[in-house]
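S.K.: Sharing a structure below in structure tokens format, with a few things to ask.
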């Protein structure tokens with residue numbers, strides 16, 4: 160094995176199994192921690208295996224598409240796309256419009272997706288451009304973009320809809336004549352994708368069609384990585400300057416990655432909401448980015464590396480914790496609120512931890528590179 | 045700056061453009077908007093002095109929180125999105141002061157005193173962490189703040205508080221979400237030397253307290269340590285060459301910011317009249333951050349003047365928009381306008397190229 164610190168031959172040391180285990184544990188701290196939390200909480204919560212299984216299957220089908228939308232910006236080195244909420248808002252606007260037009264079921268969903276595409280593209284381009292102006296601060300910029308666009312979303316949905324954008328249906332519009340109600344019922348669309356082909360095994364409903372859609376997206380991502388554009392994105396993610404020198408239009412590539420993510424997030428939100436069956440107009444998207452990012456990180460992803468495997472492991476573990484925490488809290492402390500707060504705390508703590516690990520790793524790598532360079536220069540001088 | 049602006053041939057236009065460029069267009073729009081609101085106010089039937097008093101009052105509540113941004117911006121730690129951490133120290137101080145039986149205006153000082161050790165300890169841990177992750181401060185600060193707030197949500201339920209004025213009546217344990225400060229430090233500062241003439245009321249005590257802190261901050265920034273702090277923020281390489289211990293200076297700045305955040309929330313509470321617990325500190329960082337940015341600060345530059353102008357403009361818009369807008373177009377768009385303006389300002393600041401590369 161080559162010693163990377165000095166670049167010199169080091170005695171071929173055999174990695175002992177104990178060290179291997181330790182290294183594995185270090186690289187997968189977050190997932191292991193979660194497995195531990197779940198292992199403690201599941202027996203405490205007293206839920207049956209069947210119930211948990213049914214819940215988990217529902218949640219995987221509900222959330223996976225949204226979480227998958229995060230992968231492409233990570234590939235392009237733009238970190239966790241906190242701006243995915245923008246796409247979610249575009250999806251919601253699509254759903255509001257189709258429910259006003261009373262187009263339900265699969266046609267309604269498809270139409271909502273079609274409506275969301277131009278909005279998502281517009282928002283994605285805006286977000287990408289702004290992130291290009293704030294290189295190195297993409298995540299915090301994306302995060303603030305959420306709040307900013309949320310303000311504009313409210314402006315449109317609460318004031319413009321019914322005045323500028325015609326909304327006629329009285330079940331959707333506020334009694335005052337403009338603005339959308341707090342909740343828009345999607346009852347006529349509820350689980351229309353999930354129920355298209357659904358099989359029941361042992362009382363656990365498996366929404367096959369939703370999983371097919373998710374699988375298609377996974378295939379798309381795998382395929383996309385191999386395309387020219389995907390390769391470019393990875394190059395940009397590795398090193399922007401090198402990529403630029405290689406003739407890649409860095410700015411454009413980065414914008415495209417955000418646009419794809421935003422469009423996918425819009426679709427994801429529509430899939431998410433058709434499962435829920437109602438749309439909380441002003442709050443549905445507010446937490447979605449945070450939960451998706453936390454789930455992805457729980458699956459062992461980091462700010463600069465995420466795989467499809469991370470998505471599915473993450474969504475399973477994270478939502479398992481989410482289901483069992485309140486009742487485990489009740490059993491343990493006699494107060495269900497503690498469990499509620501605990502799961503919120505864990506979501507934030509996971510993101511914090513992942514961000515800290517990423518930054519320390521980055522610093523270590525850069526100081527290591529600096530040390531290597533210094534050493535190489537010293538050797539060169541000695542050889543002169 | 046001026047050579048960046050394309051000449052239009054008209055000297056006056058050029059001057060305006062240069063001014064707009066250096067002052068920042070968004071800032072100009074916001075200041076103009078506020079001016080317009082003040083001009084419109086009498087026409088829509090709002091009393092000018094009432095509006096002014098409201099703005100000044102809200103200024104006095106929030107100014108210290110905004111001031112708490114200054115040390116960290118100076119030392120190059122960026123915008124303190126981790127303000128909730130300081131706020132939690134302040135909340136602990138306030139609730140413990142009440143628990144210990146401190147009453148009246150004096151309980152404010154007890155609360156400040158009790159909050160100090162918490163703020164110092166939190167600040168040290170937080171500063172130590174931020175030193176480990178230079179360059180990624182803002183995002184991590186946000187999430188450290190969030191984690192701390194949600195952890196404290198559990199703590200407010202579990203910590204052994206007993207004062208009947210604070211805990212839930214029926215359970216006897218767990219703090220309430222809002223605690224009235226009637227009989228404690230309500231108006232502890234605002235009541236001091238307060239001026240009330242007709243519609244105009246000015247909380248002189250709160251303003252004096254802020255002035256005192258602001259002056260202390262200004263004086264500190266001109267001491268040797270303060271200059272070192274500015275050097276670390278504006279040019280880390282130079283600071284390192286000059287033999288300044290960067291990590292130590294940054295740590296000090298974080299502790300200062302956290303302590304000011306703790307004092308800031310106590311000042312806010314004495315004006316507002318309630319302690320708000322649980323998720324309340326969650327959304328307190330963004331208004332403070334955008335206020336200082338509106339005042340003309342950037343990610344690595346801030347002055348006391350930025351704090352004063354920014355807080356006044358921000359709070360002015362918060363207080364004026366509902367009244368004026370409501371009576372003008374009968375739509376309460378104030379909340380939405382506030383959200384767009386304040387977050388737009390933060391985005392604007394984040395996209396500015398900071399003068400130094402890290």
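Protein chains in written order, with our numbering: chain A, 160 to 543; chain B, 45 to 402.
Idealized CB from N, CA, C, for every residue including glycine.
Source: prediction; values computed, not measured.
On the CB-based measure, 16 or more other CB atoms within 10 Å of its CB, does residue 259/A come out buried or exposed?
M.R.: As a position in the first chain, residue 259/A is number 100, starting the count at 1. Residue 259/A should be labelled buried.
S.K.: Measure the alpha-carbon distance for residue 166/A versus residue 369/A and round it to whole angstroms.
M.R.: Position 7 of the first chain, counting from 1, holds the residue named residue 166/A. Position 210 of the first chain, counting from 1, holds the residue named residue 369/A. Only weak support exists for where residue 166/A lies, its pLDDT of 44 falling under 50; the coordinates are left without a value.
S.K.: Measure the Cβ-Cβ separation of residue 365/B and residue 95/B and say whether it is below 8 Å.
M.R.: Taking the second chain and counting its residues from 1, the one referred to as residue 365/B is at position 321. Taking the second chain and counting its residues from 1, the one referred to as residue 95/B is at position 51. Result no, Cβ atoms of residue 365/B and residue 95/B do not sit closer than 8 Å.
S.K.: Using the rule of at least 16 other Cβ atoms within 10 Å of the residue's Cβ for burial, across every protein chain shown, is residue 405/A buried or exposed?
M.R.: Here residue 405/A refers to the residue found at position 246 when the first chain is read from its first residue. Flag for residue 405/A reads exposed.
S.K.: Across which residues does DSSP place residue 345/B in a beta bridge pair?
M.R.: Taking the first residue of the second chain as position 1, residue 345/B is located at position 301. Answer by DSSP bridge pairing, in chain order: 342/B.
S.K.: Can you tell which of 273/A, 496/A, 478/A, 477/A has the C-alpha that lies nearest to the C-alpha of residue 485/A?
M.R.: Sequence index remark: in the first chain, residue 485/A carries index 326 (1-based). Of 273/A, 496/A, 478/A, 477/A, the residue nearest in Cα terms is 496/A.
S.K.: Does the beta-carbon of residue 57/B have 16 or more other beta-carbons within 10 angstroms, so that it is buried, or is it exposed?
M.R.: In the second chain, counting from the first residue as 1, residue 57/B sits at position 13. Answer is exposed; the Cβ neighbour count stays below 16.
S.K.: Quick one: what does DSSP say residue 119/B is sitting in, helix, strand or coil?
M.R.: Sequence index remark: in the second chain, residue 119/B carries index 75 (1-based). The three-state reading of DSSP puts residue 119/B in coil, since its state is none of H, G, I, E or B.
S.K.: Please list, in chain order, the residues of the segment 490 to 517 of chain A that have any C-beta partner in chain B closer than 7 Å.
M.R.: 494, 496, 497, 500, 501, 503, 504, 507, 508, 510, 511, 514, 515
S.K.: For a contact meaning CB atoms closer than 7 Å, what does residue 187/B contact in chain A?
M.R.: Numbered from its first residue, the second chain carries residue 187/B at position 143. In chain order: 507, 510, 511, 514.
S.K.: Can you list, in chain order, the residues of its chain with a C-beta nearer than 7 Å to that of residue 378/B? Leave out the 5 residues immediately preceding and following it.
M.R.: As a first step, residue 378/B must be located in the second chain, where it is residue number 334. Closer than 7 Å at the Cβ level, and outside the excluded window around residue 378/B, lie 365, 366, 369.
S.K.: Can you list the alpha helix (DSSP H) stretches of 4 or more residues lying completely in the segment 218 to 289 of chain B, in chain order?
M.R.: Qualifying alpha helix (DSSP H) stretches, in chain order: 248 to 265, 268 to 278, 280 to 285.
S.K.: Shorter than 8 Å from the beta carbon of residue 400/B to some beta carbon of chain A?
M.R.: Numbered from its first residue, the second chain carries residue 400/B at position 356. Here residue 400/B scores only 40 on pLDDT, less than 50, and its place in the model should not be relied on; the value that follows carries that caveat. Among the CB atoms of chain A, none fall inside 8 Å of the CB of residue 400/B.
S.K.: Taking only the alpha-carbon atoms, compute the straight-line gap between residue 162/A and residue 436/A and give it to the nearest angstrom.
M.R.: For the purposes of this step, residue 162/A is taken as residue 3 along the first chain, with counting starting at 1. For the purposes of this step, residue 436/A is taken as residue 277 along the first chain, with counting starting at 1. For residue 162/A, the pLDDT reaches just 43, beneath the cut-off of 50, and the residue's location in the model is therefore unreliable, although a value from the coordinates is still provided. In a straight line, the C-alpha of residue 162/A is about 57 Å away from that of residue 436/A.
S.K.: Output yes if chain B places a C-beta closer than 8 Å to the C-beta of residue 292/A; else output no.
M.R.: Taking the first chain and counting its residues from 1, the one referred to as residue 292/A is at position 133. Chain B contact via Cβ: present.
S.K.: May I ask you to report which of helix, strand or coil DSSP gives residue 309/A?
M.R.: Taking the first residue of the first chain as position 1, residue 309/A is located at position 150. Of the three classes helix, strand and coil, the one that applies to residue 309/A here is helix, per DSSP.
S.K.: What does DSSP give as the partner residue(s) for residue 490/A in the beta ladder?
M.R.: In the first chain, residue 490/A corresponds to position 331, counting from 1. Residue 490/A is not bridged to any residue.
S.K.: Using a 10 Å radius around the Cβ and a threshold of 16 neighbouring Cβ atoms, would you call residue 234/B buried or exposed?
M.R.: In the second chain, the residue the question calls residue 234/B occupies position 190. Per the 10 Å Cβ criterion, buried.
S.K.: Closer than 8 Å, Cβ to any Cβ of chain A: which residues of the segment 329 to 356 of chain B, in chain order?
M.R.: 330
S.K.: Pick from 507/A, 539/A, 463/A: whose alpha carbon is nearest that of residue 477/A?
M.R.: To locate residue 477/A, count along the first chain from 1; it is residue 318. Cα-wise, what sits closest to residue 477/A is 507/A.
S.K.: Under 8 Å, with one C-beta from each stretch per pair, do the segment 293 to 304 of chain B and the segment 114 to 121 of chain B reach the 3-pair mark?
M.R.: yes
S.K.: Taking the alpha helix (DSSP H) that residue 525/A falls in, what are its first and last residues?
M.R.: Numbered from 1 along the first chain, position 366 holds the residue referred to as residue 525/A. Segment 495 to 542, the alpha helix (DSSP H) holding residue 525/A.
S.K.: If I measure Cβ to Cβ from residue 371/B and keep anything under 8 Å in the same chain, skipping five residues before and after, which residues do I get?
M.R.: Sequence index remark: in the second chain, residue 371/B carries index 327 (1-based). Around residue 371/B: 88, 89, 90.
S.K.: Compare the C-beta of residue 395/B against all C-beta atoms of chain A and say whether one is closer than 8 Å.
M.R.: In the second chain, the residue the question calls residue 395/B occupies position 351. Cβ-Cβ to chain A under 8 Å: yes for residue 395/B.
S.K.: So the beta strand (DSSP E) residue 366/A belongs to, where does it begin and stop?
M.R.: Residue numbering aside, residue 366/A sits at position 207 when the first chain is read from its first letter. Start and end: 363 to 366.
S.K.: What do you get for residue 226/B, buried or exposed, if any count of 16 or more other CB atoms within 10 angstroms of its CB means buried?
M.R.: Taking the first residue of the second chain as 1, we reach residue 226/B at position 182. Exposed, by the Cβ-count rule.
S.K.: For residue 166/A, decide whether its Cβ has a neighbour in chain B, counting only Cβ atoms nearer than 8 Å.
M.R.: Position 7 of the first chain holds residue 166/A. Residue placement at residue 166/A cannot be trusted, given a pLDDT of 44 that sits under 50; what the coordinates show is reported in the next sentence. It does not; no Cβ of chain B falls within 8 Å.
S.K.: Within the 8 Å Cβ cut-off, does residue 313/A reach chain B?
M.R.: Here residue 313/A corresponds to residue number 154 of the first chain, with the count starting at 1. For residue 313/A, a Cβ of chain B is located within less than 8 Å of the residue's own Cβ.
S.K.: Run through the segment 412 to 458 of chain A for me and flag every whole alpha helix (DSSP H) of 4 or more residues, listed as ranges in chain order.
M.R.: 447 to 457
S.K.: Note down the Cα distance separating residue 228/A from residue 321/B, rounded to an integer number of angstroms.
M.R.: Looking up residue 228/A in the first chain gives position 69. Looking up residue 321/B in the second chain gives position 277. Their backbone Cα atoms lie some 35 Å apart in a straight line.
S.K.: Straight-line CA distance for residue 396/A to residue 452/A?
M.R.: As a working mapping, residue 396/A is identified with position 237 in the first chain. As a working mapping, residue 452/A is identified with position 293 in the first chain. Spanning the two alpha carbons is a distance of roughly 19 Å.
S.K.: Give the C-beta separation of residue 418/A and residue 264/A to the nearest angstrom, bearing in mind that I take them to be a contact with Cβ-Cβ under 8 Å.
M.R.: Residue mapping note: residue 418/A aligns to position 259 of the first chain, counting from 1. Residue mapping note: residue 264/A aligns to position 105 of the first chain, counting from 1. At roughly 28 Å, the Cβ-Cβ gap does not stay under 8 Å, so residue 418/A and residue 264/A are not in contact.
S.K.: Count the other C-beta atoms from every protein chain shown that fall within 10 angstroms of the C-beta of residue 71/B, then say buried if there are 16 or more, exposed otherwise.
M.R.: By one-based count along the second chain, residue 71/B stands at place 27. When all chains shown are included, residue 71/B counts as buried.
S.K.: What residue from 269/B, 268/B, 331/B has the CA that sits closest to residue 123/B's CA?
M.R.: The residue given as residue 123/B occupies position 79 in the second chain. Nearest of 269/B, 268/B, 331/B to residue 123/B, Cα basis: 331/B.
S.K.: Rounded to the nearest angstrom, what separates residue 210/B and residue 106/B at their Cα positions?
M.R.: Locating residue 210/B in the second chain gives position 166, where the first residue counts as 1. Locating residue 106/B in the second chain gives position 62, where the first residue counts as 1. Going from the Cα of residue 210/B to the Cα of residue 106/B covers about 24 Å.
S.K.: Check the C-beta distance from residue 146/B over to residue 154/B and give it rounded, since I have them as a contact under 8 Å.
M.R.: Residue 146/B sits at position 102 when you count from the first residue of the second chain. Residue 154/B sits at position 110 when you count from the first residue of the second chain. Going by Cβ atoms, the distance from residue 146/B to residue 154/B rounds to 4 Å, so yes, they are a contact pair.
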